[in-house]
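K.L.:
Here our numbering is used: the first residue of the sequence shown is 105, the next is one more, and so on. By construction, the Cβ of each residue, glycine as well, lies at the ideal position given by its N, Cα and C atoms.
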Amino acid sequence: MTSDLRAIAVGRLVPVKRFDVLIQAWKHIPNHISIVGAGPERLRLETLVANLGLQDRVNFLGERSDVQDLFTDHQMLVATSEREGFGYVFLEALQANLVVISTATGIAADLIPNEYLIDPLSVANVSLTVNRTLRDFERAKQDFESVWIQAGDMTVKKMVTETFATYQDTLTQRNSFKKSR
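1) Which partner residues of S284 appear in the DSSP bridge assignment?
2) Thinking C-alpha only, which one of K131, A255 and V118 is nearest E186?
3) Within 10 Å of its beta-carbon, does L275 have 16 or more other beta-carbons around it, so buried, or fewer, so exposed?
4) Tell me whether G115 sits in a helix, a strand or coil according to DSSP, three-state version.
5) Quick check: what's the CA-CA separation for H136 versus L109?
6) Between D214, V264, Q172 and S206, which has its C-alpha nearest A200's C-alpha?
7) State whether the stretch 136-147 contacts the stretch 243-252, with contact taken as three or more CB pairs (one from each stretch) at a distance under 8 Å.
8) Using the rule of at least 16 other Cβ atoms within 10 Å of the residue's Cβ for burial, across every protein chain shown, is L147 buried or exposed?
9) In chain order, what residues of the same chain lie with their CB nearer than 6 Å to the CB of K131, ignoring the 5 residues before and after it?
10) In terms of residue numbering, what span does the beta strand (DSSP E) encompassing S138 cover?
11) For A197, which residues of its own chain have a beta-carbon under 7 Å away from its beta-carbon, when the five flanking residues on both sides are left out?
12) Give the secondary structure of S206 by DSSP, where H, G and I count as helix, E and B as strand, and everything else as coil.
13) Just to check my reading of the structure: A129 and V264 have Cβ atoms closer than 8 Å, yes? What is that Cβ distance to the nearest angstrom?
14) Considering only DSSP beta bridges, list what I222 is partnered with.
15) Relative to the C-alpha of A183, which candidate in W252, V153, G166 and R116 has its C-alpha closest?
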């Protein structure tokens, strides 16, 4: 297991994100994790970290506007949310070539290989999935190569360009239809 690999978790510090489960699982994970975000759960989560004696491996970075820059110092994103919509942070992490471990919610369930999905969410399953990934991180990177390529094509700029092209196409067809009548 490579203890120099660093993990990151990003999200609002609210109950649905289940950072409490992540922190409890980290008791059994030797690597460092940075938690990025702000919210009403921060004090409770910091207390949990202190009670578990994890201050040397778990740190809170607060709300940040430079998350993509932070990704360069980390190799893995871990997300333990109970519910998630699109989850743009998954896409950003994949575009930064991070291995992503996540609950099977939102876009994660569609993009991430099954062996990196935490289902069902539990302290034991988070710990098991993260430790298994860390034990053979080179394999994990190979497993994510095609995912990283796919995520690279899913940029906001590309989505806007394709949406604009669709509207232009529709208007062109509509105008052609009107002229032919």
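P.N.:
Inspection of the coordinates gives the following:
1) According to DSSP, S284 bridges with nothing at all.
2) V118
3) exposed
4) Coil at G115, not helix or strand.
5) One C-alpha to the other measures close to 7 Å.
6) Q172
7) no
8) exposed
9) L156
10) H136 to V140
11) Closer than 7 Å at Cβ, skipping near neighbours: F175, L181 and V204.
12) strand
13) No, A129 and V264 are not in contact; Cβ-Cβ is about 38 Å, not under 8 Å.
14) T207
15) R116
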